[in-house]
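> Could you have a look at this structure, given as structure tokens, before my questions?
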Amino acid sequence: MAEAAQREASDELLISRSENGVVTLTLNRPARKNAIPPHLWDPLRAVFHDVMESDARVLVITGAGRAFCSGADLAAGGSGGPQTGPLDAMHPVNAAALALHQLPKPSIAKVNGDAVGAGMNLALGCDLVVAGESARFSEIFVKRALSVDFGGTWLLPRFVGMHKAKELALFGDMVSAKEAAELGIVNRVVADAELDDFVDDWANRLAEGPPLAIQQSKRMISNSFSTSFSEALNAEAAAQSVNFGSKDTIEGFKAFLEKRKPDFKGR
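Residue numbers for the sequence shown follow the numbering used here, beginning at 351 and rising by one.
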């Protein structure tokens with residue numbers, strides 16, 4: 351049974367990796383608009399953990415077919431299963447959300463269609479969100495008599511402010527890609543036909559960047575709402591001391607002086 355579940359998870363979570371360290375995770379349940387069934391939360395967390403432990407430089411998350419992710423698969427039991435209590439059922443959901451949040455490498459959500467419920471918050475949990483023009487977003491939970499999860503109550507106010515976050519959560523209305531960009535939920539909206547090329551360009555640029563510097567900047571910005579200004583300055587000083595002790599910074603200065611593209615190794 352465990353082997354069968356593993357095979358099923360591998361079919362439903364497709365992983366590809368480019369030569370320069372861009373890992374692409376594709377949710378592969380197009381018939382269900384890539385809704386996440388209970389058995390898939392642990393494998394999803396495992397993917398985030400594996401990316402963290404590997405020498406991968408960037409994670410891209412997208413969905414197969416015409417949707418990004420329609421949230422938890424309620425037809426398959428939602429977040430839990432028949433033998434699982436509601437609170438226990440949320441543990442693997444929370445573990446997956448936390449693993450994405452704690453990922454030190456930069457992540458990009460390539461939103462190729464609807465991103466609703468936990469699917470919307472999966473996108474928001476990434477560092478960058480790029481949406482095709484036909485993409486839509488919704489904190490749809492309330493329409494199913496559910497409250498927001500997968501980190502949405504923490505993420506939304508930081509992107510859109512308290513009042514707008516409550517509007518999105520309490521009504522669960524669908525938001526277009528254009529509206530999402532205006533709210534600050536999405537970094538860029540591009541034509542559907544240009545989505546792959548645009549995200550490939552961003553992912554490759556990140557992969558070619560200095561990993562130590564990128565990861566430290568990501569961590570400090572992510573922590574900025576819970577630190578004072580003086581603590582932020584101290585963290586910046588500590589990060590720069592790490593950078594100046596790295597070979598990548600030497601390479602960066604050398605490449606600048608030699609007017610060539612730097613070759614960063616992450617050390």
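Think of the CB as a built atom: it goes at the ideal place given N, C-alpha and C, for glycine as much as any other residue.
Predicted, not measured: the structure shown is a model, and the values here were computed from it.
(1) CA-CA distance, Arg610 and Arg508?
(2) Please return the same chain residues whose Cβ sits closer than 8 Å to the Cβ of Glu353, not counting the five positions on each side in sequence.
(3) Grab the span of the beta strand (DSSP E) containing Arg486 for me, first residue to last.
(4) Assign Ala406 to one of two classes, buried (16 or more other C-beta atoms within 10 Å of its C-beta) or exposed (fewer than that).
(5) What residue from Val397, Asn537, Ser567 and Arg494 has the CA that sits closest to Leu424's CA?
(6) Would Leu377 and Gly415 qualify as a contact pair, given that the criterion is a beta-carbon distance under 7 Å?
(7) Less than 6 Å between C-beta atoms, sequence neighbours within five positions excluded: which residues of the same chain meet that for Thr374?
(8) Alpha carbon to alpha carbon, what distance is there between Phe579 and Ala585?
(9) With a cut-off of 8 Å, do at least 3 Cβ pairs link the region 469–480 to the region 440–454?
(10) Are the beta-carbon atoms of Phe398 and Ala465 separated by less than 7 Å?
(11) Roughly how many angstroms separate the alpha carbons of Phe500 and Ala605, rounded to a whole number?
(12) May I have the straight-line CA-CA distance separating Leu607 from Ala588, to the nearest angstrom?
(13) For Ala515 and Val480, what's the separation of their Cα atoms in angstroms?
(14) Helix, strand or coil: how does DSSP classify Gly616 here?
Let's see:
(1) Position 260 of the sequence shown, counted from the start, is the residue given in the question as residue 610. Position 158 of the sequence shown, counted from the start, is the residue given in the question as residue 508. Here the alpha carbon of Arg610 sits roughly 38 Å from the alpha carbon of Arg508.
(2) Translated into positions along the sequence shown, residue 353 becomes position 3. At Glu353, the pLDDT of 43 sits below 50, so the modelled position is not reliable and the matter cannot be decided from this model.
(3) Mapped onto the sequence shown, residue 486 falls at position 136. Where Arg486 is concerned, the enclosing beta strand (DSSP E) stretches over Arg486 to Ser488.
(4) The residue you call residue 406 lines up with position 56 of the sequence shown. Around the beta carbon of Ala406, a 10 Å sphere encloses 16 or more other beta carbons of the protein chains shown; the residue is thus reported as buried.
(5) Counted from its first residue, the sequence shown places residue 424 at position 74. Each of Val397, Asn537, Ser567 and Arg494 was checked against the Cα of Leu424, and the nearest Cα belongs to Arg494.
(6) Against the sequence shown, residue 377 aligns to sequence position 27. Against the sequence shown, residue 415 aligns to sequence position 65. Against a cut-off of 7 Å, the Cβ pair of Gly415 and Leu377 comes out as no contact.
(7) The sequence position of residue 374 within the sequence shown is 24, counting from 1. Its chain contains Ser366 and Val410 as the residues whose beta carbon lies nearer than 6 Å to that of Thr374, once the 5 sequence neighbours on both sides are disregarded; these appear in chain order.
(8) Taking the first residue of the sequence shown as position 1, residue 585 is located at position 235. Taking the first residue of the sequence shown as position 1, residue 579 is located at position 229. Their Cα atoms are separated by approximately 10 Å.
(9) Yes, since at least three Cβ pairs between the region 469–480 and the region 440–454 fall closer than 8 Å, the two stretches touch.
(10) Taking the sequence shown and counting its residues from 1, the one referred to as residue 398 is at position 48. Taking the sequence shown and counting its residues from 1, the one referred to as residue 465 is at position 115. For the pair Phe398 and Ala465, the CB atoms are not nearer than the 7 Å cut-off.
(11) One-based indexing of the sequence shown puts residue 500 at position 150. One-based indexing of the sequence shown puts residue 605 at position 255. Using only the alpha carbons, I get a separation of about 42 Å.
(12) Position 257 of the sequence shown holds residue 607. Position 238 of the sequence shown holds residue 588. About 26 Å.
(13) Residue numbering aside, residue 515 sits at position 165 when the sequence shown is read from its first letter. Residue numbering aside, residue 480 sits at position 130 when the sequence shown is read from its first letter. Spanning the two alpha carbons is a distance of roughly 20 Å.
(14) Looking up residue 616 in the sequence shown gives position 266. DSSP, read as helix, strand or coil, puts Gly616 in coil.
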